[in-house]
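The working numbering puts the first residue of the sequence shown at 218, with every later residue one more than the last.
Quick reminder that beta carbons are idealized off the backbone N, C-alpha and C, glycines included.
Bear in mind the structure is a predicted one, so any value in this text is a computation, not a measurement.
Single-structure report; data block below.
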Amino acid sequence: MKKSSTLRVIFYVVGLLVLALGIILNTKSGLGVSPIISVSYSISTIWNFNFGNMTFVLYTVFVIVEMILHTIWNRREAAKESAALKPAARKSLPLILGMDLLQLPLSLIFTRFMNLFSAWIPAPSHGFASQLLVLAGGIICTGIGAAMSLNMRIIPNPGDGIVQAIADFIHKPVGFTKNCFDLFNICITISVGMIFAHKLVGVGIGTVVAVLGVGRVIALFNHFFMKKMIEAAGVEY
218 MKKSSTLRVI FYVVGLLVLA LGIILNTKSG LGVSPIISVS YSISTIWNFN FGNMTFVLYT
278 VFVIVEMILH TIWNRREAAK ESAALKPAAR KSLPLILGMD LLQLPLSLIF TRFMNLFSAW
338 IPAPSHGFAS QLLVLAGGII CTGIGAAMSL NMRIIPNPGD GIVQAIADFI HKPVGFTKNC
398 FDLFNICITI SVGMIFAHKL VGVGIGTVVA VLGVGRVIAL FNHFFMKKMI EAAGVEY
């Protein structure tokens with residue numbers, strides 16, 4: 218294996234580990250979690266399910282939705298192509314769906330690391346200041362981990378994969394789609410909490426800070442390190 222390929226895998230795996238750590242730090246702060254995992258967090262908290270396992274269930278739903286959207290999108294685009302290009306479009310669909318399915322074993326491994334970090338890391342016990350510190354660490358780790366794994370262009374995390382699939386399907390920018398999807402998840406989380414626990418579960422100041430902060434961390438990390446990383450890893454953009 219070439220050195221660049223080895224570095225690409227290393228950057229990707231480290232990115233996923235840092236991302237898993239960031240998600241758990243976010244939940245441990247007790248100030249609200251990021252929108253993308255707020256649904257699984259609220260369900261696991263209310264019914265005392267394992268958070269990592271519930272996140273895997275959520276990711277599985279994401280992958281199924283991705284596959285449905287990709288199938289419809291592929292057929293819609295193939296209908297626009299000339300007769301000569303339609304067979305090529307049909308052949309590309311199994312590859313797309315195969316990449317979607319690869320997100321499932323990735324999600325299983327990813328959520329096992331979430332469980333591991335959750336067992337190792339205690340919740341802060343020294344007041345609001347320590348909660349803010351843990352939240353800041355979670356947002357920084359989430360942004361860095363997301364940037365590292367996404368930049369390697371291997372297998373996307375289902376939370377990112379479904380946003381890309383929806384964006385392609387509705388022909389809207391990824392950033393706009395991400396904001397709408399975050400809002401959708403927050404609405405579901407609020408509804409679940411109010412209906413079944415009669416209070417907000419998983420949504421708080423940390424949710425708002427995560428929405429604003431993670432994207433800034435990704436942008437800042439990419440500004441300083443993206444070019445060097447993709448050159449070292451041999452990733453073509």
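Please give the ranges of any alpha helix (DSSP H) in the region 238–288, keeping only runs that are unbroken, at least 4 residues long and fully inside the region. 252–263
With 16 other CB atoms within 10 Å as the buried threshold, where does ALA363 fall? buried
Spatial distance of THR406 from ASN332 (CA atoms): 21 angstroms
So, is the C-beta of ASP385 closer than 7 angstroms to a C-beta in chain C? Included in the structure is just one protein chain, with no chain C present.
Proximity to ALA353 [Cα-Cα], best of TYR258, SER251, PHE279: SER251
Between ILE387, GLU294, PHE345, which has its C-alpha nearest SER246's C-alpha? PHE345
Residue burial classification, PHE228 (beta-carbon count within 10 angstroms, cutoff 16): buried
Buried or exposed: where does LEU236 fall if 16 or more other Cβ atoms within 10 Å of its Cβ makes it buried? buried
Taking the alpha carbon of ALA414 as the reference point, which residue from SER259, VAL231, ARG225, ILE253 has its own alpha carbon closest? SER259
Pick helix, strand or coil for HIS440, following the three-state DSSP scheme. helix
State the DSSP-derived secondary structure class of GLU453, mapped to helix, strand or coil. coil
Sorted by chain position, which residues of the same chain lie with C-beta nearer than 8 angstroms to ILE263's C-beta, five sequence neighbours on each side aside? VAL409, GLY410, PHE413, ALA414, VAL418
Among GLU294, VAL230, ILE240, whose alpha-carbon lies nearest the alpha-carbon of THR359? ILE240
Please state whether the Cβ-Cβ distance between VAL434 and ILE357 is less than 7 angstroms. yes
For a minimum of 4 consecutive residues, which ranges assigned as the alpha helix (DSSP H) are wholly contained in the region 337–399? 345–368, 375–387
HIS440 to ILE371, Cα distance in whole Å? 21 angstroms
Backbone secondary structure at LYS220 - three-state DSSP: helix
State the DSSP-derived secondary structure class of LEU233, mapped to helix, strand or coil. helix
Secondary structure at LYS297, three-state DSSP: helix, strand or coil? helix
Coil, strand or helix - LYS445 by DSSP: helix
When the Cα atoms are used, what is the spatial distance from LEU224 to LEU238? 21 angstroms
Who are the near neighbours of LEU234 in its chain, counting only those whose CB is closer than 8 angstroms to its CB and skipping five residues on each side? PHE330, GLY362
Reducing DSSP to helix, strand and coil, say where GLY410 ends up. helix
ALA301 versus HIS287: straight-line alpha-carbon distance, rounded: Residue placement at ALA301 is poorly supported in this model, since its pLDDT is 49, which falls under 50; the coordinates still yield a value, given next. Cα-Cα distance, rounded: 21 angstroms.
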